[in-house]
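Numbering (my numbering), first residue to last: 55 to 641. Read through the structure below, which is laid out as structure tokens, and then see the notes.
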């Protein structure tokens, strides 16, 4: 017993300390390579080829002194088309699983108990870096989520973890990747628990995910700095007024609509490209070309768009007047749909933030200019841009908790938690059942990962008396074998309890016993000569789990149910078939 406890303690610490640290280290290193690769391909495609240097958020080296200049705007569609073609060829010939939304692929692998190889992570890194670097509208979240999930899955495999532990490792890797790249370790850890379900959480991932996510964050931040992704200037918090509440409720309603529009646009474009009769590897190039056409006039629809969002937050609107911000919402949605709907590689988190930020800024301008809402510590352009970002993603991805935490981490403060909670709650409530992640399921009950756990719970929940047959056919020990055989055939039963005059169980005769007796005189021979004497009996208050355990240990499939072990008066009968009906929902 002492040895068993020691092994269990070792396994527990092994999963919750050593493995998460290793996952965090690997996710952080891959995160650094991924961000460097995006910058490299951005320089190749946009800076050198098209003569356009996009702005960056302050957390990635951005500056307020940025000056917009695009030397060869007509080269943008060519850049995005070439990038799409490269990605299409790589996906088609080397890594089909790298296409589309990376987070969704990780969610699907989790629920379907599939492994994600390290090869998939490497190809996802390359294809997504080319997609984003060439100027297409995609996010870093999807790639790094799949990369992190692949790392977790790979580490779980090489350390011979159980299937359940490997699923936890996959989820931990997903969160660690996001926590490191977005400098949001708390949100990364929580999203590893939240993103797999629309209405549930994978609680077991939280503790190891916090460890892995913080390790990944420290490693990435040691190279790119520890400052938040976005630099935010907010006035000192002075309270929350009626106008503020109405404003953020309005924002939540608007972002719910925008989230629905994003999902509809992505599905529509994806269906359109599925019907397009051209080779698969050409489709991302076609989608990329249309993205480039949009990007020529709206530069926020080129690449991640984070830098433009940073400038809007700080009120630097010389390149983006109010009317252009409103129009950009729909153009970026279209560019995002063309990028991922055509088969490009990436994620939806980044585009959701950009589209949400534009929506937040637009709602702010509407309330201020037409309804004359007064400025306050929480009603201002920066606050509405930030809250619009997170409430849109919460509605699209059905991940409200992690996005509320995210607002504090990407801004470096907690001032916007109250307005963010209001807007996220409203947007999540109005967003409907559809999610941007198609592989999400509602609850654990809907996930194959937890089927065995819920079977165990069901067997613990039900008692023998809940499923046993109360109308029992019995037979006396002096009945002939021939009569017993015909009786069992007539009533389609495989076992008959043998009882005495006082209805006490003294034996059990089964169809197997009848078959073995075929060489005997079936008319003269009695049941008492072939029955199993003093058969194992079950009481009605046993759980089905205990009953099934008894069946397995004694290699039987049916047992009489008696009032108590002493009297053995029969009150029912139960078989493994009756227990099986509970597990299959046919009870």
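We put the beta carbon where it would ideally sit given N, CA and C, even for glycine. Predicted, not measured: the structure shown is a model, and the values here were computed from it.
In angstroms, rounded to a whole number, what distance separates the CA positions of residue i and residue j?
i: residue 543; j: residue 564; result: 11 Å
i: residue 72; j: residue 259; result: 14 Å
i: residue 177; j: residue 162; result: 18 Å
i: residue 118; j: residue 409; result: 22 Å
i: residue 574; j: residue 547; result: 22 Å
i: residue 626; j: residue 540; result: 21 Å
i: residue 209; j: residue 463; result: 28 Å
i: residue 95; j: residue 101; result: 9 Å
i: residue 56; j: residue 411; result: Residue placement at residue 56 cannot be trusted, given a pLDDT of 33 that sits under 50; what the coordinates show is reported in the next sentence. Rounded to the nearest angstrom, the two C-alpha atoms are 57 Å apart.
i: residue 315; j: residue 420; result: 20 Å
i: residue 418; j: residue 476; result: 16 Å
i: residue 82; j: residue 368; result: 30 Å
i: residue 144; j: residue 370; result: 39 Å
i: residue 104; j: residue 181; result: 20 Å
i: residue 344; j: residue 395; result: 12 Å
i: residue 326; j: residue 340; result: 12 Å
i: residue 593; j: residue 257; result: 37 Å
i: residue 530; j: residue 550; result: 10 Å
i: residue 423; j: residue 74; result: 50 Å
Excluding the 5 residues preceding and the 5 following residue i in the sequence, name in chain order all residues of the same chain whose CB lies nearer than 6 Å to its CB.
i: residue 560; result: 552, 554
i: residue 206; result: 77, 223, 224, 226, 227
i: residue 342; result: 134, 135, 137, 138, 190
i: residue 21; result: The question about residue 21 has no answer here: the residues shown for the chain are numbered 55 through 641.
i: residue 596; result: 518
i: residue 466; result: 282
i: residue 373; result: 122
i: residue 602; result: 633
i: residue 405; result: 191, 193, 390
i: residue 254; result: 497, 498
i: residue 285; result: 112
Looking at the structure shown, is residue i part of a helix, part of a strand, or coil, going by DSSP?
i: residue 355; result: helix
i: residue 547; result: coil
i: residue 251; result: strand
i: residue 56; result: Only weak support exists for where residue 56 lies, its pLDDT of 33 falling under 50; the value from the coordinates is given anyway. Residue 56: helix per DSSP, three-state reduction.
i: residue 585; result: coil
i: residue 601; result: helix
i: residue 66; result: With a pLDDT of 43 at residue 66, under the threshold of 50, the predicted position of this residue should be treated as unreliable, though the coordinate-derived value follows. Helix at residue 66.
i: residue 373; result: coil
i: residue 534; result: strand
i: residue 238; result: coil
i: residue 626; result: strand
i: residue 561; result: strand
i: residue 524; result: coil
i: residue 153; result: coil
i: residue 174; result: helix
i: residue 211; result: helix
i: residue 635; result: helix
i: residue 517; result: strand
i: residue 614; result: strand
Within 10 angstroms of its Cβ, does residue i collect 16 or more other Cβ (buried), or is it exposed?
i: residue 333; result: exposed
i: residue 290; result: exposed
i: residue 628; result: buried
i: residue 298; result: buried
i: residue 532; result: exposed
i: residue 622; result: buried
i: residue 115; result: exposed
i: residue 572; result: exposed
i: residue 252; result: buried
i: residue 483; result: exposed
i: residue 247; result: buried
i: residue 426; result: exposed
i: residue 387; result: buried
Given residue i, which residues of its chain have a CB within under 8 Å of its CB, disregarding the five upstream and five downstream residues?
i: residue 167; result: 217, 221, 502, 503
i: residue 65; result: Per-residue confidence for residue 65 stands at a pLDDT of 45, beneath the threshold of 50, marking its modelled position as unreliable; no derived number is given.
i: residue 165; result: 250, 493, 495, 501, 502, 503
i: residue 472; result: 294, 432
i: residue 588; result: 560, 561
Sorted by chain position, which residues of the same chain lie with C-beta nearer than 7 Å to residue i's C-beta, five sequence neighbours on each side aside?
i: residue 271; result: 233, 234, 237, 239
i: residue 169; result: 207, 211
i: residue 347; result: 131
i: residue 278; result: 89, 114
i: residue 141; result: 181, 184, 185, 338, 398, 399
Quiz item: Can at least three beta-carbon pairs, one atom from the segment 390-401 and one from the segment 433-445, be found at a separation below 8 Å?
Solution: no
Quiz item: Taking contact to mean at least 3 C-beta pairs separated by less than 8 Å, is the segment 449-460 in contact with the segment 237-244?
Solution: yes
Quiz item: Touch check for the segment 304-324 and the segment 119-126: three-plus C-beta pairs under 8 Å?
Solution: no
Quiz item: Counting Cβ pairs, one atom from each stretch, are 3 or more of them under 8 Å apart for the segment 353-373 and the segment 144-157?
Solution: Per the Cβ contact rule, the segment 353-373 is not in contact with the segment 144-157 (fewer than 3 Cβ pairs under 8 Å).
Quiz prompt | Touching by the beta-carbon criterion (3+ pairs, under 8 Å), the segment 319-336 and the segment 360-378 | solution = no
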